[in-house]
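S.K.: At the far end of the sequence shown sits residue 247, using the numbering used here, and the numbering has no gaps. Starting off with a structure, shown below.
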Amino acid sequence: MVSGRKPPIIIRPTSPLLDQSKAAAFVFVHGLGDEAEGVENVARQFQNADKLPYMTWVLPNALKNHDLATTAWYMPTRLSPYPPSRPELEDDEDEEGMLTTVAYLTRLIDDLVQEGIPEKRVVLGGFSQGHAMSMLTGLASKYAGKLGGIVGLSGYLPLPDRIPTLREEAGLPKKIDDQVEIFLARGTNDQLVPKRYHRLCYEKLHDYGVLKNSVTLREYEGLGHMMGGAELRDLCAWLEQVVPPLE
């Protein structure tokens, strides 16, 4: 059971461009139990440091889930640090909830494209559940292979065995043959999303056909299930590479 969704927070560039084809956008998706306001400080930090002044930040809000008594992009399942001894007994992932979120994030990207921002100048990323939804949207929606990049912070790859089929259903080839740029990061002290999910995400991306040199992997010593300063600095540098300023 879910309730209505708050509109996204939209933070406009500090140096707006008359030519929108030279602009860029980052759809940044918060985690379980959070709201757009919880990640707004990241955009503000970047802008206060005069980083990516041509970028629009779109910070969506998850629905309130009354069963969980908090906001969620989908019903979570337990993430074990160990491979299951009997995978058939594992809880099914909330595919319906995930695909509902994919449809919502896709509409937000539609809005940016209608404003004139090129698809290749749009980056989709998020933290925790936002990581999961960004990966799924970036790999299996109509924007697969068309975005500037995908960012995953402290999360995992959902529905890994379903993604090739979901791609086919979206009219995409099962094999990923584009060179999508991906930034994956986690802290070594993350107790909520075990390290093996970071590795599995990377391995699955390679299995799908994503080139190894298109994936930037980072681990931050001592960092828990949160975003850290060094991580955000690396993310900023990566964003400046994948959606650089245009003359």
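A virtual CB, placed ideally from N, CA and C, is assigned to each residue, including glycine. All values derive from a computational prediction rather than experimental measurement.
(1) Counting only runs that start and end within the stretch 143-206, where is the beta strand (DSSP E) found for 3 or more residues in a row?
(2) How is the beta strand (DSSP E) around I9 delimited, first residue to last?
(3) Enumerate in chain order the residues of its own chain whose CB-to-CB distance from Y197 is below 7 Å, with the five nearest sequence positions on each side excluded.
(4) State the DSSP-derived secondary structure class of G126, mapped to helix, strand or coil.
(5) In or out: A140 buried (at least 16 other Cβ within 10 Å) or exposed?
(6) Between which two residues does the beta strand (DSSP E) carrying W57 extend?
(7) Whose C-alpha, out of A43, V193, A132 and E203, is nearest the C-alpha of W73?
(8) Quick one: grab the DSSP three-state call for L63.
(9) If contact is defined by three or more beta carbon pairs under 8 Å, each pair taking one atom from either stretch, is the stretch 118-132 in contact with the stretch 24-34?
(10) On the CB-based measure, 16 or more other CB atoms within 10 Å of its CB, does Q179 come out buried or exposed?
(11) Could you check where the beta strand (DSSP E) with R218 kicks off and where it finishes?
(12) Between the C-alpha atoms of L246 and L211, what's the straight-line distance to the nearest angstrom?
(13) Which stretch, first to last residue, makes up the beta strand (DSSP E) that contains A36?
(14) First and last residue of the alpha helix (DSSP H) that includes V242?
(15) Can you tell which of Y82, I11, D34 and N61 has its C-alpha closest to the C-alpha of K52?
(16) Can at least three beta-carbon pairs, one atom from the stretch 228-247 and one from the stretch 147-155, be found at a separation below 8 Å?
(17) Could you have a look at V210 and say whether DSSP puts it in helix, strand or coil?
(18) Going straight from the alpha carbon of E231 to that of A49, what length do you get?
(19) Taking the beta carbon of A185 as the centre, do at least 16 other beta carbons fall within 10 Å, making it buried, or is it exposed?
M.R.: Working from what's here:
(1) 149-153 and 182-187
(2) I9 to I11
(3) L79 and Y156
(4) strand
(5) buried
(6) M55 to L59
(7) A132
(8) strand
(9) yes
(10) exposed
(11) V215 to Y220
(12) 26 Å
(13) No beta strand (DSSP E) holds A36; DSSP gives it neither H nor E.
(14) G229 to V242
(15) A quick correction: the sequence has Leu, not Lys, at residue 52. The shortest Cα separation from L52 among Y82, I11, D34 and N61 belongs to I11.
(16) yes
(17) coil
(18) 15 Å
(19) buried
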